[in-house]
Structure formats: C-alpha cells, structure tokens
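Peer 1: A single structure is presented below for examination.
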Amino acid sequence: MKIGTAYFFDSRNRQMGDLSGLAAKLQEQIATGKRILAPSDDPIVSARLARMSGTAADQSQFASNVKLAQGLLGQTDTALESVSNDLQRVQELLIRAGSDTLNDDNRAALAAELKSIADNLYATANTTDVRGTALFGGSGAGPAYTRAADGTVSFAGEGEAPPIPVGDGITVQATDSGQRIFGGIQAGGTTKDVFKIVSDLAAALDLGGSATPADRKQALADASDGLSQALQNVTTARASIGARGARLDIQADSLAKAANNYDIERGNLEGVDVQAAITDLQKTMLTLQATQSSFTMLSRLSLFDYIR
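For the sequence shown, this note's numbering gives the first residue as 1, with consecutive numbering after it.
Shown next, in the form of structure tokens:
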C-alpha cells in the first residue's frame, strides 16, 4: 500500500493540530478552573448551567431588593421613633398646660415649644429615602406633605408605595403611607391628622389667643384623646415594621443559602480537576513533542535515504 506525500503531511498536520488544540484547551481549563469552556464541550450541562445562571440572576436581584427593603424599613422605624418621642413630649407639655398655676406667659412658652414640635413633625413626615423618594408619600412622586400659608398641613402623596419583590411570588411593603399613620385620628368629634392636633393645642395656649378657660380645657381634652390615638398608630406601625424586618431576615438567609448551593452545584458541573488536567496536559505535550520530532525526521527522508 502506497501513502502519498500529501496525505502524509496532511495527516501529520491534523494530528499535531489536534494535540495543540487539546493542549491549549487543557491550559485554559487549568487557568480558569472550568471544565466547560464552550457549550459544545457538553451541551446538556451547558443548557443546565444557562438555566441556573438565569435563576441565580433573579436571586441576586431579590437579594439586592431585600437589602433595599431592609434599609427602607430601618429608615422608616427611625423616623417613627422620632415622631413617637415628639408626641410623648407633647403629652408632657399637655399635662403641664392643665395646671391652674400657669399664667399667660407660661402657656405662651408651651405654645412656642409645641409649634417647634409641629415643625419637626412636618419635617420628619417629609423625610426622603435612599432613592430620593418621600418615605411616607406612598406611590406619589413629590413630597409627602405640603403646608399652606396659614400653616395647614395636607397630605400630598398618593395611596401606598408599590411592594418590593424579594422572592418568587414574595413581596414586602417597605414603607408606609403617612396618610395612614399620621391621619384619620378622631379628636374632639372630628377627624384630624397629628399636625392639626398639635397646632390646635398650640393655638389654644398661645399668648393673645381668644380661648377661654373652658375652651382651653376642652382643647386639652381633645388633644389628649388625639395624641393617645396618634401614639397608638405609630406604635402599631413600628410593630408591623419589626415583623416585616424579621420576615426579610429569613428571606435574606434563604437567598444566601440558595446562592451558596448554586456556587457548589455550578462548581461540580463545570469545575475541572486541576491535578488531573495538569497530568493530561503533560501527557499531551509529550505526545505533541514526540509527534513533531518524528514528523521532522520522516519529512527529511528522500528516496536515497530509503535505498541506503
């Protein structure tokens, strides 16, 4: 059987090319620590890895959402703690205002502090979150509250903020509408918000006001009822925040475990045994070198070499 020169060269070139390609692939596997470098290396596993990557991307987004929601809940709780402290101070001032030993100047001093607290409550209610959105504005795009020239405070937000997805079919309400927390309070037979309650109390105590002793007494009684409900609203909201925070902690742990399991499974599917790959690379390089040497020697032979 005769072997043509062209066939000899082609077959040797293909053999050395295959060996060189295998060596390069092994080197890349060792460098990256991955067995699968292209979908063609293992189509079935590659398809599975692609599906896993999509799931992992979703879980990563959920984990980011959990952190965002935790931050918003923490910021909301801090703001409501400030509101609670302010309302407790108003209650203290209200008790002092009920003393018969106070004169007009004393009551005016209490009114001045109450106005300052009302300003602080208004500022707290208009707190913006880490996204620059009104913390208590619900789904509104602007400030949560506005104040007219006469001092009247009005809710400028809209409904409730959209819930944040933190898992497959799992959402959490990360902020609360100020209308629900600060408004809808029954005081003196009418519905008021916390700003109106504090402002009315300040007006009843202000120097030069027209309130009679009987009017002041009624104003104090109305304010007392309203403050009790306002504080209850804040306490209930903070308890809800705590429950949602605990739920987020559980979800964060679940996502962290899922991410760890993903890393382990992905490593098992696409990871390479580095020691075995190094051994295979050494064998491949030796075979390649031997093939190159034999090819060089055989390609130099001529007819006279065969005759000799």
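Just so it is clear, CB atoms sit at the ideal spot from N, CA and C, and this is done for glycine as well.
Mind reading off the beta-carbon distance from Val130 to Leu248? Whole number of angstroms is fine, and I expect it under 8 Å.
Peer 2: Actually they do not touch by this definition, with Cβ atoms about 15 Å apart.
Peer 1: Given Ser99, which residues of its chain have a CB within under 8 Å of its CB, disregarding the five upstream and five downstream residues?
Peer 2: none
Peer 1: In whole angstroms, give me the CA-to-CA distance for Thr127 and Ala79.
Peer 2: 8 Å
Peer 1: Based on Cα-Cα distance, which residue from Val234, Thr171, Asn260, Arg238 lies nearest to Phe62?
Peer 2: Of the candidates Val234, Thr171, Asn260, Arg238, the one whose C-alpha sits nearest the C-alpha of Phe62 is Thr171.
Peer 1: Hey, does Arg131 have any beta-carbon neighbour from chain B nearer than 8 Å?
Peer 2: The displayed structure is made up of one protein chain only, and chain B is not part of it.
Peer 1: Quick one: give me the first and last residue of the alpha helix (DSSP H) that Ser139 is part of.
Peer 2: Neither: Ser139 is in no alpha helix (DSSP H) and is coded neither H nor E.
Peer 1: How many whole angstroms separate the CB atoms of Ala144 and Gly178, which I take to be in contact at a CB cut-off of 8 Å?
Peer 2: 5 Å
Peer 1: For the region 112 to 186, which segments carrying the beta strand (DSSP E) assignment without a break, of at least 3 residues, lie completely within its bounds, in sequence order?
Peer 2: Entirely contained in the region 112 to 186, the beta strand (DSSP E) runs reaching 3 residues are, in chain order, 145 to 147, 153 to 155, 164 to 167, 170 to 172.
Peer 1: Specify, as a first and last residue, the run of the alpha helix (DSSP H) that Leu205 falls within.
Peer 2: 194 to 205
Peer 1: Return the residue from the list Arg147, Ala109, Asp104, Ala141 that minimises the CA-CA distance to Glu322.
Peer 2: Within the shown structure, residues of the chain are numbered from 1 to 308, placing residue 322 beyond reach of any answer.
Peer 1: Are there 16 or more other CB atoms within 10 angstroms of the CB of Gln70, so buried, or fewer, so exposed?
Peer 2: buried
Peer 1: Does the count of Cβ pairs from the region 46 to 55 and the region 81 to 90 closer than 8 Å reach three?
Peer 2: Not touching, per the Cβ criterion.
Peer 1: Going by CA-CA distance only, name the one from Arg89, Arg244, Gly151 that's closest to Pro163.
Peer 2: Arg244
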